[in-house]
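First up is the structure itself, then whatever we jot down about it.
Chains as they are written, first to last, in the numbering used here: chain G, 6 to 205; chain Z, 68 to 223.
What follows is the structure in structure tokens.
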């Protein structure tokens with residue numbers, strides 16, 4: 006009788022968990038989404054292209070202090086968010102991404118975009134231009150309010166470019182310019198900036 | 068000498084009336100201890116891999132569960148069997164399911180129950196496979212959450 010009265014099992018349990026609790030995506034210049042824009046089912050992919058932003062300063066303007074607008078070779082002015090023509094080519098460089106994160110205790114978490122630039126741009130003759138001579142403004146077609154990746158100036162080191170709140174997409178268009186405040190020897194000066202998205 | 072056996076018999080009789088013997092117009096838990104999810108954990112995926120302007124943070128996943136309901140106490144009675152999901156107190160979830168036809172398909176949210184069978188009980192063990200579709204709020208889902216279902220019967 007005691008065995009017959011033992012408690013019977015009255016429940017089945019299903020455990021649920023996120024297959025990919027965290028995902029991040031960063032695009033500076035061109036990027037890759039497969040299967041269309043994300044709002045039509047597209048998925049983010051990898052793109053190893055390194056885009057350039059450049060300017061040729063006319064000889065008569067070198068060192069005059071007249072800022073020189075720079076242009077990009079990036080062919081990506083539309084947002085993979087929804088295909089909207091967000092940036093104007095070739096004057097603006099697209100920067101955008103997202104941060105996915107599950108959990109009730111990470112509501113205030115943000116992902117941070119940093120940029121690391123060398124101290125100087127250099128030419129073949131060993132001449133230099135400080136990276137601090139390059140600045141950018143930030144905007145986006147139809148955007149109002151503050152940009153997630155606001156205007157700034159390279160510091161010749163690592164600096165924060167902006168943040169992405171949890172479960173949000175953020176994007177801006179950067180318009181670069183060269184300050185042109187000092188006379189420089191003729192040549193092609195280059196330097197690479199590396200953008201990094203980090204999530205907690 | 069006879070006092071102890073009498074106590075045992077009375078106690079057993081009381082339990083039988085309260086938990087096993089079929090009655091009418093009441094709700095009873097159904098023993099489904101032989102039910103078994105086919106995976107230990109349902110892995111949910113973002114409905115949209117990137118965040119959306121509509122702020123869709125839904126996670127979706129599926130899992131099959133073989134349920135075996137012990138309906139022997141109510142055989143030859145009529146009743147209505149429900150799948151219930153008590154309040155979980157954590158992430159908002161929505162569960163829907165399809166079946167092979169022995170139970171009804173349906174949908175459920177925590178704190179509610181949904182009819183899966185109505186009619187005469189003609190078999191002591193009712194076996195069915197439920198394919199659960201689970202949707203959870205990804206912005207609130209902890210590492211792992213347990214959804215504890217149970218079946219209950221209203222005896223006509």
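Glycine is no exception: its CB is placed at the ideal position from the N, C-alpha and C atoms.
- Annotated as proximal: residue 77 of chain G and residue 56 of chain G, with beta-carbon spacing under 7 Å.
- For the 7 Å CB-CB criterion, residue 146 of chain Z and residue 221 of chain Z form a contact.
- Nearest in C-alpha terms to residue 171 of chain G, of all of G:196, G:132, G:51 and G:114, is G:114.
- Here residue 94 of chain Z is not near residue 195 of chain Z, since their CB atoms are 7 Å or more apart.
- Between residue 23 of chain G and residue 111 of chain Z, the gap from beta carbon to beta carbon is short of 7 Å.
- For the set Z:109, Z:118, Z:103 and Z:96, the Cα lying nearest the Cα of residue 28 of chain G is the one of Z:118.
- Against chain G, a Cβ distance below 9 Å from residue 108 of chain Z picks out 19, 20, 21 and 22.
- A contact is defined here as three or more CB-CB pairs under 8 Å, and the segment 198-206 of chain Z meets this definition with respect to the segment 125-134 of chain Z.
- Per DSSP, the unbroken beta strand (DSSP E) holding residue 113 of chain Z starts and ends at 108-113.
- Listed in chain order, the non-local C-beta contacts of residue 198 of chain Z below 7 Å within the same chain comprise 129, 131, 164 and 165, local neighbours out to five positions each way being set aside.
- With contact defined as three or more Cβ pairs closer than 8 Å, the segment 80-98 of chain G and the segment 122-132 of chain G are not in contact.
- Here residue 182 of chain G is near residue 75 of chain G, since their CB atoms are less than 7 Å apart.
- If you ignore the 5 residues before and after residue 159 of chain Z, its C-beta comes within less than 6 Å of the C-beta of 204, all in its own chain and listed in chain order.
- Here residue 142 of chain Z is exposed, its C-beta having fewer than 16 other C-beta atoms within 10 Å.
- The beta carbon of residue 200 of chain Z sits no closer than 7 Å to any beta carbon of chain G.
- Beta bridge pairing from DSSP links residue 141 of chain Z with no other residue.
- For residue 111 of chain Z, the nearest beta carbon of chain G is closer than 7 Å to its own beta carbon.
- With the criterion set as a beta carbon lying under 7 Å from some beta carbon of chain Z, the segment 178-200 of chain G has no members that meet it.
- Along the segment 37-51 of chain G, going in chain order, the ones with a CB nearer than 7 Å to a CB of chain Z are 43, 44, 48 and 49.
- Between residue 47 of chain G and residue 188 of chain G, the C-beta gap is not smaller than 7 Å, which leaves the two residues out of contact.
- Of the candidates Z:212, Z:156 and Z:134, the residue whose Cα lies closest to the Cα of residue 171 of chain Z is Z:134.
- Burial is judged here by how many other beta carbons sit within 10 angstroms of a residue's own beta carbon; residue 185 of chain G has at least 16 and is buried.
- For residue 85 of chain G, there is no enclosing beta strand (DSSP E), as DSSP marks it with neither H nor E.
- Cβ proximity to chain G below 7 Å picks out 203, 205, 206, 207, 208, 209, 210, 211, 212, 213, 214, 215, 216 and 217 from the segment 202-223 of chain Z.
- Residues of the segment 148-182 of chain G whose Cβ lies closer than 8 Å to any Cβ of chain Z, in chain order: 171, 172, 173 and 174.
- Buried is the label assigned to residue 81 of chain G, since at least 16 other Cβ atoms lie within 10 Å of its Cβ.
- Under the three-state reduction of DSSP output, residue 164 of chain G falls in the strand class.
- Chain Z places no beta carbon closer than 7 Å to that of residue 64 of chain G, leaving this residue out of the contacts.
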